[in-house]
Amino acid sequence: MITWLMALLLGIVFGTAGTITYSSMPAGIPIGFVVGIVGCAALLVALRMITEDRFAVVAAGVGMLGALVVLSGRGPGGSIVVPDSILGIVWSLGLTAVVVAIAAWPSASKLRALNAK
Numbered sequence: 000m001i002t003w004l005m006a007l008l009l010g011i012v013f014g015t016a017g018t019i020t021y022s023s024m025p026a027g028i029p030i031g032f033v034v035g036i037v038g039c040a041a042l043l044v045a046l047r048m049i050t051e052d053r054f055a056v057v058a059a060g061v062g063m064l065g066a067l068v069v070l071s072g073r074g075p076g077g078s079i080v081v082p083d084s085i086l087g088i089v090w091s092l093g094l095t096a097v098v099v100a101i102a103a104w105p106s107a108s109k110l111r112a113l114n115a116k
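Here the sequence shown is numbered in numbering that gives the first Met the number 0, starting from 0 and rising by one per residue.
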């Protein structure tokens with residue numbers, strides 16, 4: 000239970016950081032997008048390998064996607080962090096795809112056990 004709570008909090012932090020920086024494009028290269036996706040994917044893979052618990056990955060993914068949803072809405076001052084642009088849509092769908100793919104990936108230990116038979 001503590002692992003899931005910590006994973007959720009880490010997901011919120013990484014999701015917030017990635018969502019805020021995804022649109023950073025020095026010299027026209029989407030560096031923020033690449034760093035955000037790689038960082039979120041690295042956290043999810045690390046959680047999956049360390050805990051061997053799919054629910055920890057799901058908790059972190061819920062935190063990431065929750066941060067994305069909250070920051071996609073109009074803020075109290077009228078600002079929108081994720082505007083309705085191509086890059087914003089790609090960030091939203093890309094982050095969702097990363098979370099789903101890593102959460103759904105088969106367990107390596109179970110695959111090794113099947114191959115050993």
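In this text, a Cβ means the ideal position worked out from N, Cα and C, and glycines have one as well.
Small disclaimer: the values here were computed from a predicted structure and weren't measured.
query                                                                                                                             : result
Pick out the complete alpha helix (DSSP H) segments inside the stretch 53-84, 4 residues or longer, and give them in chain order. : 53-71
Hey, is the stretch 67-85 in contact with the stretch 30-49, meaning 3+ C-beta pairs nearer than 8 Å?                             : no
Can you check whether the CB of A59 is closer than 8 Å to the CB of L42?                                                          : yes
Taking just the CA atoms, how far does G10 sit from P82?                                                                          : 21 Å
Following the continuous alpha helix (DSSP H) through G10, name the residue where it begins and the one where it ends.            : 1-20
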